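With the first letter of the sequence shown counted as 1, position 30 gets the number 30 in full-length UniProt numbering; the numbers rise by one all the way through.
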Amino acid sequence: MAQEQLNDYKYIVVPKQFAEFKRENQYQTSTLVKYLFVEKGFEAVYEDALPQDLKDNGCLGLRAKLVDGSSMFTTKAIIKLENCSGEEVFTTEEGKSKEKDYKESYGEAIREAFTSFDTMNYAYNGKAENSGPITVSMKNDVKKLAEERRQNHSAANRPDVMVEQEATRENQRYVDRRPVPSDLKKAEPKTEIVEQEGNEEQLSYNDQNSGESDISKGEGKDKSATSGMKQGKDSELSTLASGTLYAQELPNGYQLVDSTPKIRMKIEKTSMPDFYMAKVGDTSGTVFKKNGTWFFEYYSRGNLISEELDIKF
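See the structure below:
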């Protein structure tokens, strides 16, 4: 029964801050819950980043709630899912942990609670899309219904009618045969002027679309493709410092994710505390803590770059 009920819903909505905690994503509970739902095959989203169809119909999703039943020596966690009416649809078994560190204990308890989803093979069936709230106005319906039926009957017997519409409680139909103007525009000829410099003995090449070249020696080399790749790589690195990164523990370190959550960086432990080997795409560097602030240092085109990071462990 629980399997069928969960299949009726398209999304799982995860809060950035559970009611049981004082801070946003405290002990990484929000990022972990969202990650585990995605791992189990659900489409999980944060409450402040809802897709348009969920904004239009809140009944497409279930709201995740964390119930904290912890005692002095044991951390206990239960995950509940409620529909748009506040009705409880599913509740996990209680996960427990006796770890002393809060982040580790909540992580262990939440993961144990999620074992309740292990036997499920979730697949959305589309049912919730037809279950949203409906507002019906009966004002002037009798008069309008008779008029619409006359119009529909008349339109059905005239093949030149461009728009047909039927709007009754039993049937809803709309056909628009009016031609749609094209938004295509005639292409205008354009003159391209290309200037390129090679790096062999100050070679130069000027193309004025005349078919003539003033290359003095050798052939110029086009660096545009390589430059584009470097700019894209530099852009990816520069955005690391623009937002908060959340650390998700791995066997040999952590993976740092943003609020999407997209994996932005992986860091591996070393023999020194607060010092990690870091990797972003093809770029390698180090992440370390200095005077209470985290930094990412790496080399770019022979220059040492240091970026300040906001990491939440």
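Ideal Cβ positions, reconstructed from N, Cα and C, are used throughout, including at glycine.
As the structure is a prediction and not an experimental result, all values here were calculated from the model.
Taking the continuous beta strand (DSSP E) assigned at Ala-19, which residues delimit it?
Taken as a continuous stretch (DSSP letters only), Ala-19 belongs to no beta strand (DSSP E), as it is neither H nor E.
Ordered along the chain, which non-local residues of its own chain (more than five positions away) have a Cβ less than 6 Å from that of Lys-40?
Phe-117
Is the separation between the beta-carbon of Ile-267 and that of Gly-281 shorter than 8 Å?
no
For Leu-240, which residues in the same chain have their Cβ closer than 8 Å to its Cβ, ignoring the five residues on either side in sequence?
Arg-264, Met-265, Val-280, Phe-296, Glu-307 and Leu-309
Spatial neighbours of Phe-37 in its chain, beta-carbon cut-off 6 Å, leaving aside the 5 residues before and after:
Taken in chain order, the residues that qualify are Ile-12 and Ala-44.
Let me know the beta strand (DSSP E) ranges lying completely inside the stretch 16-96, each 3 residues or longer, listed in chain order.
44-46, 61-68, 75-82 and 88-91
What is the DSSP secondary structure of Thr-283, counted as helix, strand or coil?
strand
With a 10 Å radius around its C-beta and 16 neighbouring C-beta atoms as the bar for buried, classify Leu-81 as buried or exposed.
buried
When the Cα atoms are used, what is the spatial distance from Ile-134 to Ile-311?
Note that Ile-134 has pLDDT 46, beneath the 50 cutoff, so the model's placement of it is unreliable and the number below is only indicative. When rounded, the distance between both Cα atoms is 45 Å.
Only counting the same chain, and skipping five residues up and downstream in sequence, which positions put a Cβ closer than 8 Å to that of Ala-113?
Hits under 8 Å: Ala-77, Ile-78, Ile-79, Thr-92, Glu-93, Glu-94 and Gly-95.
Thinking just about the alpha-carbon of each residue, which of Lys-127, Gly-243 and Thr-270 is nearest to the one in Pro-251?
Thr-270
Under 8 Å between the Cβ atoms of Pro-261 and Thr-31?
Yes, the Cβ-Cβ distance between Pro-261 and Thr-31 is below 8 Å.
Report the partner residues of Gln-5 according to the DSSP bridge assignment.
DSSP, once it has assigned bridges, lists no residue as partnering Gln-5.
Contact defined as beta carbons within less than 8 Å: I believe Gly-61 pairs with Tyr-9. What is the distance between those atoms, to the nearest angstrom?
6 Å
Outcome for Ser-71 when other beta-carbon atoms lying within 10 angstroms are tallied against a minimum of 16:
exposed
What's the gap between the Cα of Asp-176 and the Cα of Gly-126?
27 Å
Neighbour-count burial assignment, Ile-215, 16 or more Cβ in a 10 Å radius:
With a pLDDT of only 43 at Ile-215, under the threshold of 50, the placement of this residue in the model should not be trusted; the figure read from the coordinates follows. It counts as exposed.
Can you give the Cα-Cα distance for Ser-259 and Pro-51, rounded to whole angstroms?
For Ser-259 and Pro-51, the distance between alpha carbons rounds to 15 Å.
Could you please give the first and the last residue of the uninterrupted alpha helix (DSSP H) stretch that includes residue 316?
No statement about residue 316 is possible, as the shown extent of the chain runs from 1 to 313 and does not include it.
Going by the beta-carbon positions, is the gap between Tyr-124 and Thr-29 smaller than 8 Å?
no
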